[in-house]
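Residue 408 is where the sequence shown starts when you use the numbering used here, and the numbers rise one by one after that.
For each residue, glycine too, the CB sits at the ideal point set by N, CA and C.
Source: prediction; values computed, not measured.
Below is one structure, written out as structure tokens, with a few remarks after it.
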Amino acid sequence: MTRPDQLRLLAVHAHPDDESSKGAATMAKYVAEGVRVMVATCTGGERGSVLNPAMDRPEVWERLPQIRVEEMARAREILGVEQEFLGFVDSGLPEGDPLPPLPEGCFALVPLEEAAAPLVALIRRFKPHVLTTYDERGGYPHPDHIKTHEVSMYAFDAAGDPDRYPELGEPWQPSKLYYHMSFTLPRTKALHEAILATGAESPYTEWLANWDPARDISHRVTTRVPCGEYFSVRDAALIAHATQIDPLGRWFACPIETQQQIWPTEDYELARSLIDAPKPEDDLFAGLRSEVGVR
408 MTRPDQLRLL AVHAHPDDES SKGAATMAKY VAEGVRVMVA TCTGGERGSV
458 LNPAMDRPEV WERLPQIRVE EMARAREILG VEQEFLGFVD SGLPEGDPLP
508 PLPEGCFALV PLEEAAAPLV ALIRRFKPHV LTTYDERGGY PHPDHIKTHE
558 VSMYAFDAAG DPDRYPELGE PWQPSKLYYH MSFTLPRTKA LHEAILATGA
608 ESPYTEWLAN WDPARDISHR VTTRVPCGEY FSVRDAALIA HATQIDPLGR
658 WFACPIETQQ QIWPTEDYEL ARSLIDAPKP EDDLFAGLRS EVGVR
């Protein structure tokens with residue numbers, strides 16, 4: 408049941424594992440504070456690859472779609488969140504020049520009004536005060552991430568409109584919508600320099616060398632949520648996605664203690680707001696706590 412005095416956050420993601428690499432420590436923090444947190448996973452990640460060499464085995468590939476569901480269940484439990492799949496099929500990441508066409512029936516090709524319907528239904532049922540999603544570039548140019556952005560923006564408006572999707576329940580209007588700003592240039596540089604200062608090799612060297620500063624949007628960050636004490640929960644949730652995350656890989660190159668000292672926040676852009684709240688913020692629920700009646 409939804410309590411009127413309980414803050415609620417809905418994080419909209421494209422694939423299983425995205426919730427653990429973007430905003431996971433924020434979610435764990437809010438769960439610990441008594442906020443009800445839901446993850447909406449648009450697709451099942453069916454066309455993903457096995458990115459952890461230790462899991463690159465025939466029996467894993469044979470069961471990959473089901474394994475990804477099982478991994479999501481473990482990550483959900485670690486984070487303490489609720490989670491629902493919206494039922495769409497992974498579009499895959501096209502490669503080649505020219506790019507091949509997207510597979511028929513995939514999420515990225517579903518008409519927007521149809522693709523938004525399950526999210527509208529979930530918003531009206533869960534009644535979140537805040538949504539998080541990806542920016543207009545999808546965070547990175549995966550067709551499912553871009554579609555997730557489009558669906559989130561559409562559903563944010565449609566869920567509160569009684570004339571749209573009347574069959575999907577009573578209207579509910581979220582108050583705020585944020586974009587994840589996980590991989591900004593300043594944060595990556597700060598972690599890179601911190602790793603080098605220890606005498607270790609940084610996994611970000613090539614990444615930074617090829618980074619186009621003109622594409623950096625760190626100036627759009629409005630909100631930094633202090634959540635360093637939950638970085639270990641985030642990492643445990645990431646590792647639960649064993650087919651996708653190499654525990655010896657880039658994600659874990661910088662010690663948690665260094666991250667907590669150098670960059671102890673997860674960062675966001677407030678993209679839509681129907682309430683007044685001064686910026687910069689340190690809370691996704693800034694301006695909402697007194698309204699909802701939660702201290």
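Spell out the partners DSSP gives Asp-674 in its beta bridges. In the sequence shown, counting from the first residue as 1, residue 674 sits at position 267. Asp-674 is bridged to Arg-631.
Hey, Gln-666 and Gly-694: beta-carbon distance below 8 Å or not? Counting from 1 along the sequence shown, the entry for residue 666 is found at position 259. Counting from 1 along the sequence shown, the entry for residue 694 is found at position 287. Result no, Cβ atoms of Gln-666 and Gly-694 do not sit closer than 8 Å.
By the three-class DSSP mapping on this structure, what secondary structure does His-648 have? Position 241 of the sequence shown, counted from the first residue, corresponds to residue 648. If DSSP states are grouped into helix, strand and coil, His-648 belongs with coil.
Ala-447 bridges to which residues according to DSSP? On the sequence shown, position 40 is the one that residue 447 refers to. Val-419 and Glu-491.
Compare the Cα-Cα distances from Asp-564 to each of Lys-554, Val-527, Asp-551 and Gly-545 and report the closest residue. Numbered from 1 along the sequence shown, position 157 holds the residue referred to as residue 564. It is Val-527.
Tell me which same chain residues have a C-beta within less than 8 Å of the C-beta of Thr-402, skipping the five on either side of it? The displayed coordinates of the chain run from 408 to 702. Any statement about residue 402 would go beyond what the structure contains.
Proximal residues to Tyr-637 (C-beta, below 6 Å), its chain only, five neighbours per side dropped: For the purposes of this step, residue 637 is taken as residue 230 along the sequence shown, with counting starting at 1. Excluding positions up to five away in sequence, the list reads Ala-432, Ala-435 and Lys-436.
Return the chain-ordered list of same chain residues with a C-beta closer than 8 Å to the C-beta of Ser-559, the five sequence neighbours on each side being excluded. Within the sequence shown, residue 559 is the residue found at index 152, counting from 1. Closer than 8 Å at the Cβ level, and outside the excluded window around Ser-559, lie Val-419, Leu-526, Leu-538, Thr-540, Tyr-541 and Leu-584.
Whether Leu-519 touches Tyr-561 by CB criterion (8 Å): Numbered from its first residue, the sequence shown carries residue 519 at position 112. Numbered from its first residue, the sequence shown carries residue 561 at position 154. Contact: yes.
Please name the residue in Ala-644, Leu-655, Ile-669 and His-626 whose C-alpha comes closest to that of Ala-706. This structure does not reach residue 706, given that the chain is present from 408 up to 702, and the question cannot be answered.
What residue range does the beta strand (DSSP E) around His-705 cover? Any answer about residue 705 is impossible in this case: the structure gives the chain only from 408 up to 702.
When Ile-663, Ala-524, Ile-624 and Val-640 are compared against Ile-602, the one with the closest alpha-carbon: Here the question's residue 602 lines up with position 195 in the sequence shown. Out of Ile-663, Ala-524, Ile-624 and Val-640, Ile-663 has the C-alpha closest to the C-alpha of Ile-602.
Evaluate the contact criterion for the stretch 441–458 versus the stretch 644–654: three or more CB pairs, one atom per stretch, below 8 Å. yes
DSSP three-state assignment for Val-476, whether helix, strand or coil: As a first step, residue 476 must be located in the sequence shown, where it is residue number 69. If DSSP states are grouped into helix, strand and coil, Val-476 belongs with the helices.
Thr-612 - containing alpha helix (DSSP H), residue span: For the purposes of this step, residue 612 is taken as the residue at position 205 of the sequence shown. Here the alpha helix (DSSP H) through Thr-612 covers 612–616.
Inter-residue spacing [alpha-carbon to alpha-carbon] between Phe-389 and Asp-642: The displayed coordinates of the chain run from 408 to 702. Any statement about residue 389 would go beyond what the structure contains.
Who does Leu-538 pair with in a DSSP beta bridge? Position 131 of the sequence shown, counting from 1, holds the residue named residue 538. Beta-bridge pairing links Leu-538 to Leu-417 and Leu-584.
Residues in the same chain with beta-carbon distance under 7 Å from Gly-512, minus the five sequence neighbours each way, listed in chain order, please. Position 105 of the sequence shown holds residue 512. Answer for Gly-512: Val-496, listed in chain order.
What number of angstroms, rounded off, separates the C-alpha of Ser-680 from the C-alpha of His-536? Position 273 of the sequence shown, counting from 1, holds the residue named residue 680. Position 129 of the sequence shown, counting from 1, holds the residue named residue 536. Ser-680 and His-536: Cα-Cα distance of roughly 10 Å.
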